Structure formats: C-alpha cells, structure tokens
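Taking it in order: structure first as structure tokens, then the write-up.
Protein chains: 2
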Amino acid sequence: MKCSVFIATSVDGFIAKEDGSVDWLDTAGNPEADMGDQADMGFNKFIESVDCMIMGRGTLEVLSGFDLTPEQWPYRDARVIALSNTLTQPPDNLKDRVEIYSGNLCELIAGLESEGHSHAYIDGGKTIQSFLDLRLIDEIILTHAPVILGEGIPLFGKTRQSIKLENSKAEAFPNDFVQLHYTVSYQ
Amino acid sequence: MKCSVFIATSVDGFIAKEDGSVDWLDTAGNPEADMGDQADMGFNKFIESVDCMIMGRGTLEVLSGFDLTPEQWPYRDARVIALSNTLTQPPDNLKDRVEIYSGNLCELIAGLESEGHSHAYIDGGKTIQSFLDLRLIDEIILTHAPVILGEGIPLFGKTRQSIKLENSKAEAFPNDFVQLHYTVSYQ
C-alpha cells in the first residue's frame with residue numbers, strides 16, 4: 022500500500038495554531054493571484070489517485086464541524102477511515118461516509134490491501150507521525166503557506182529516527198504558496 | 022539596509038541537532054548527483070551581493086572551530102560582525118576578520134548604513150529571530166535538506182507575531198535539496 026501525506030503548513034512547520042485553528046491558511050498568501058487551473062494546488066489530482074483515506078480523531082472532528090453537503094465532500098469516492106480508541110461510531114453528519122477503526126495500524130493497512138486498496142491518503146498531525154514512525158509513509162506533499170506563524174501545532178513531532186527524503190520537487194504558485202514533493206527512503 | 026537570511030534547515034525546520042551538530046547536512050540528499058554549476062546552491066552569488074554579515078555568538082564559535090585558511094574563508098570581502106555581550110574580542114583565529122558588537126541592533130544597522138553598507142547577511146538562529154522580531158529581515162532564502170531530523174534547534178522560534186511572506190520562488194536541486202526564496206512583508 023502506498024501511503025501519502027498531502028498537507029499544508031506554515032513556513033515554520035505548523036499545521037494549526039495552538040488552539041487548533043487554521044483560519045490563517047485562508048488569509049495566507051495573495052488571494053487575488055490568478056491561479057489559472059492551479060486553484061486547488063494539486064489537491065484534486067491527488068485525491069483522484071487515492072482509494073482510501075486514514076485520518077486521526079482530531080481531523081475527523083474538524084471535518085464534522087464543517088458539516089459538508091454531498092457536493093462539498095472533498096474525498097470523492099475514497100473510503101474514509103478515522104482512527105479512534107474512544108468513538109464507536111462517527112458523528113451523525115458523517116455516519117454514512119466514515120468508518121471508525123481502533124487497533125494496529127499495520128494490520129489496518131494489510132486489511133485494506135487485502136480488500137483491494139492500493140493508495141492511502143494519511144491525514145492529521147498525530148496520525149502522520151504514527152505512520153512515519155511505523156515507516157509506512159511513502160510520499161510527502163507539503164504545501165507551505167507563505168507565513169511564519171511563530172507558534173502552533175507542528176506537523177512533524179519527535180520522530181524515532183531521522184528520515185531521509187528523495188526525489189524532491191518544488192513548485193511556487195502565483196498565490197505565493199510553495200509545494201514540496203518528496204518520496205521517503207527508509208534505509 | 023537590506024537584511025537577508027540564507028540558511029539551511031531540515032524539512033522539519035531544524036538548523037542543528039540538539040547538541041548543535043550539523044554533520045547531518047553533509048550526508049543529507051544525494052551527494053552523487055551532478056550539480057553542474059549549482060554545486061554551491063546559490064551561496065556564492067548571494068555572498069557577492071552582501072557587503073556585511075551579522076552573526077550570533079554561536080555561529081562565531083562554530084566558525085572559529087572550522088579554523089579556516091584564507092582560501093577557505095566563505096564570506097569574501099564582506100565586513101563580519103559577531104554579536105556578543107560577553108566577548109570583547111574575537112577568537113584568535115578570527116582576530117583580523119571579525120568585529121565584536123554588543124548593543125542595540127537597530128543602532129548597529131543604522132551605523133552600518135551610515136558607513137556605506139547596504140546589504141547584510143544575517144546568520145545564526147537566535148540572531149535571525151531577534152532581527153525578525155525587530156522587523157529588520159527583508160529576504161529569506163531557506164534551503165531544505167531532504168531529511169526529517171525529528172528533533173533539534175529550530176530556525177524559527179516563537180515570534181512576537183505571525184509574519185507574512187511574499188514573492189515565493191522555489192527550486193529543487195539535483196541532490197534533492199530544495200531552496201525557497203521569500204521576501205518579508207511587515208504589514
């Protein structure tokens with residue numbers, strides 16, 4: 022199973038402010054820029070490439086808070102799994118869209134693979150850190166919003182070991198966001 | 022005075038390991054890559070553009086430890102000033118190359134300007150943070166080594182406020198390092 026991260030951070034590496042807010046993402050950069058056909062900064066193409074998504078409990082709660090209509094649902098047909106040891110079922114407004122999983126992550130991946138899935142989108146700070154420590158992340162697509170936040174919740178926490186990245190690509194968008202693309206090499 | 026930062030960090034934003042070591046920088050990326058005329062990743066062109074350099078005490082000590090020959094000196098003809106409230110003179114092996122300054126940074130910049138300097142290279146984690154908080158940094162050139170270190174000394178500490186960046190540029194080098202270029206907008 023290929024596991025990919027597609028996430029935005031500030032230039033100093035935060036995914037959210039200390040209070041969990043991400044409103045700075047909406048105001049970062051130049052919103053007046055002509056983005057042409059890059060308005061989604063590659064998100065739709067990425068989502069088309071995945072067939073399942075694994076998110077943490079925190080991301081699930083943020084998603085539930087958005088209370089999205091079916092038209093607004095961003096994950097297309099991907100099977101969405103939220104990790105939680107305390108929830109037995111998803112919030113009401115996500116009941117038909119999200120499964121809850123509690124247990125071993127390697128077994129989760131093996132199970133998804135045996136059910137025919139081949140590319141997972143891994144989302145949420147703690148979840149990404151857990152997958153990195155289990156050496157399960159293959160690809161990292163990191164979009165830097167053009168802002169130094171100064172404090173917040175870091176994407177990368179303390180990892181068990183340093184992790185080598187390869188096959189770097191970088192693209193600056195007209196709105197001043199920069200996207201970095203790496204594959205992960207576990208030696 | 023234009024003040025620029027030109028510094029390398031890990032992808033998770035560290036300039037050094039907890040113990041101050043930067044040997045991971047030498048082994049990061051693909052050392053076998055054909056870098057063509059980009060072997061210095063823009064450093065020489067940058068150094069040619071500056072006429073003075075301001076570094077922290079920590080950077081001074083690292084520099085002194087290298088015990089460079091005149092041929093190895095990386096800063097060309099730039100006037101080099103090290104900030105320290107405790108040292109009265111530089112280490113012996115830097116005696117003719119570095120001045121020590123203790124005092125107000127805005128006055129330092131004003132003084133350098135009055136002496137005809139126009140572009141300063143600001144180096145060292147704490148020094149960069151101080152200059153950012155004083156809204157003195159105009160340009161940030163950030164080179165990401167392709168590695169997640171997991172822990173270390175962060176480039177950006179807790180800033181007084183969030184800082185907006187503009188005019189993003191990005192370039193991936195053949196050795197998998199990525200260079201980001203921003204100008205700083207203090208609104």
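The listed protein sequences correspond, in order, to chains A and B.
The first sequence begins at 22 in our numbering and counts up one residue at a time.
The second sequence begins at 22 in our numbering and counts up one residue at a time.
Backbone N, C-alpha and C define an ideal beta-carbon position, used for all residues, glycine too.
As the structure is a prediction and not an experimental result, all values here were calculated from the model.
Residue range of the unbroken beta strand (DSSP E) whose run includes residue i
| i | result |
| --- | --- |
| I162/A | 160–166 |
| N188/A | 184–193 |
| Q200/A | 199–206 |
| R100/B | 100–104 |
| V32/B | Segment: none, V32/B is in no beta strand (DSSP E) and carries neither H nor E. |
Cβ neighbour criterion (16 or more within 10 Å) applied to residue i
| i | result |
| --- | --- |
| C73/B | buried |
| P175/A | buried |
| A13/A | Outside the displayed span of chain A (22 to 208) sits residue 13/A, for which this structure offers no information. |
| A131/A | exposed |
| S42/A | exposed |
| F27/B | buried |
| K66/B | exposed |
| A37/B | buried |
| K185/A | buried |
| P95/B | exposed |
| P111/B | buried |
| A141/A | buried |
| D159/B | buried |
| S209/B | There is simply no residue 209/B to check, as chain B begins at 22 and stops at 208 in what is shown. |
| Q93/A | exposed |
| S189/A | buried |
| A99/A | buried |
| Y203/B | buried |
| F177/A | buried |
| Q150/B | buried |
| F152/A | buried |
| T164/B | buried |
| A1/A | Given a span of 22 to 208 for chain A in the structure shown, any question on residue 1/A remains unanswerable. |
Boundaries (first-last residue) of the alpha helix (DSSP H) holding residue i
| i | result |
| --- | --- |
| D44/A | 44–48 |
| E53/A | Run containing E53/A: none; DSSP gives neither H nor E here. |
| F67/B | 64–70 |
Item to check | Touch test, the stretch 50–66 of chain A against the stretch 190–201 of chain B, Cβ-Cβ under 8 Å, three pairs minimum | outcome: Because the criterion of three Cβ pairs below 8 Å is not met, the stretch 50–66 of chain A and the stretch 190–201 of chain B do not touch.
Checklist entry - Is the stretch 30–49 of chain A touching the stretch 170–182 of chain A in the sense that three or more CB pairs, one from each, lie closer than 8 Å? => result In the pairwise beta carbon analysis, the stretch 170–182 of chain A is classified as touching the stretch 30–49 of chain A: at least three pairs are separated by under 8 Å.
Checklist entry - Are at least three pairs of beta-carbons, each pair with one atom in the stretch 187–197 of chain A and one in the stretch 114–122 of chain B, less than 8 Å apart? => result Contact fails: fewer than three Cβ-Cβ distances are below 8 Å.
Next on the checklist: Check whether the stretch 143–156 of chain A and the stretch 76–87 of chain A are in contact - that is, three or more C-beta pairs closer than 8 Å.
Outcome noted: By the Cβ test, the stretch 143–156 of chain A is in contact with the stretch 76–87 of chain A, since at least three Cβ pairs between them sit closer than 8 Å.
Item to check | Length-filtered (3 minimum) beta strand (DSSP E) runs lying within the stretch 77–161 of chain B | outcome: You should have 100–104, 119–122, 140–144.
Item to check | Sufficient close CB pairs (3 or more, under 8 Å) joining the stretch 97–110 of chain B to the stretch 123–138 of chain B | outcome: Contact holds: three or more Cβ-Cβ distances are below 8 Å.
Checklist entry - Residues in the stretch 168–189 of chain A with C-beta within 9 Å of chain B's C-beta atoms, listed in sequence order? => result Of all residues in the stretch 168–189 of chain A, V168, I169, L170, G171, E172, P175, L176, F177, G178, K179, T180, R181, Q182, S183, I184, K185, L186, E187, N188, S189 have a Cβ within less than 9 Å of some Cβ in chain B.
Checklist entry - According to a CB-to-CB cut-off of less than 7 Å, which residues of the stretch 81–115 of chain A neighbour chain B? => result Taking 7 Å as the Cβ-Cβ cut-off against chain B, none of the residues of the stretch 81–115 of chain A qualify.
Checklist entry - If contact means a Cβ-Cβ distance below 7 Å, which residues of the stretch 22–37 of chain A contact chain B? => result Residues are counted here when their Cβ sits less than 7 Å from a Cβ of chain B; for the stretch 22–37 of chain A these are V32, D33, G34, given in chain order.
Checklist entry - Just by C-beta distance, which residues in the stretch 113–132 of chain B are closer than 9 Å to chain A? => result From the stretch 113–132 of chain B, no residue has a Cβ closer than 9 Å to chain A.
Checklist entry - Taking any Cβ of chain A, which residues in the stretch 37–54 of chain B have a Cβ under 7 Å from it, in chain order? => result Answer in chain order: W45.
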